[in-house]
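Beneath this line is the structure, given in structure tokens, with notes to follow.
Next comes the structure, spelled out in structure tokens:
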């Protein structure tokens, strides 16, 4: 009864399109939006995770032509309009559960790689004090805490 009332008063909405989703808060995206996300598969750039066409290449064209401070990174999805909507909900609407949802997906997708690389820790990228005050949280810290 309590779950029913909570769903009635605070309906669960898709993080991308805002469509009301029936049932408990399990998934962050409706089926339509989830299907519209574009997972990044191999081959991918070893530095930025951007998809690359040639399996013999280690780096994408951008990374091979420029020097970056970051030596390696991983991404689950292409950053397109749908993903941008989801990230905005997380960052600017305070939907912390989105961070946990994608951190869980990252753990599933990259858990073996993380174990194999034997990282000492996972650290969030710091944000400026003004942004932290405005948002009230560091979105990278939410995900790092879940993963760490």
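Numbering (the working numbering), first residue to last: 1346 to 1493. Yeah, the Cβ is synthetic: ideal placement off N, Cα and C, and Gly gets one too.
Comparing C-alpha positions only, which one of the options sits nearest to residue i?
| i | options | result |
| --- | --- | --- |
| residue 1436 | 1364, 1357, 1376 and 1478 | 1478 |
| residue 1390 | 1402, 1380, 1382 and 1384 | 1402 |
| residue 1408 | 1393, 1363 and 1480 | 1393 |
| residue 1420 | 1412, 1382, 1372 and 1357 | 1382 |
| residue 1362 | 1483, 1429, 1493 and 1474 | 1429 |
CA-CA distance, residue i and residue j?
| i | j | result |
| --- | --- | --- |
| residue 1434 | residue 1488 | 15 Å |
| residue 1380 | residue 1425 | 13 Å |
| residue 1374 | residue 1431 | 9 Å |
| residue 1410 | residue 1404 | 9 Å |
| residue 1443 | residue 1360 | 8 Å |
| residue 1491 | residue 1446 | 9 Å |
| residue 1388 | residue 1440 | 32 Å |
| residue 1327 | residue 1395 | Lying before the first or after the last residue shown, residue 1327 is absent from the chain, which here runs from 1346 to 1493. |
| residue 1458 | residue 1476 | 31 Å |
| residue 1378 | residue 1423 | 14 Å |
| residue 1384 | residue 1462 | 22 Å |
| residue 1469 | residue 1418 | 13 Å |
| residue 1366 | residue 1376 | 10 Å |
| residue 1465 | residue 1480 | 28 Å |
Using three-state DSSP, classify residue i as helix, strand or coil.
| i | result |
| --- | --- |
| residue 1440 | coil |
| residue 1365 | strand |
| residue 1491 | helix |
| residue 1389 | strand |
When the cut-off is 9 Å and only beta carbons count, does residue i lie next to chain C?
| i | result |
| --- | --- |
| residue 1397 | Note that chain C does not occur in the displayed structure, where there is just one protein chain. |
Note to self: Please give me, in chain order, every unbroken run of the alpha helix (DSSP H) with length at least 4 that falls completely inside the stretch 1429–1482.
What the structure shows: Runs of the alpha helix (DSSP H) inside the stretch 1429–1482: 1441–1462 and 1474–1480.
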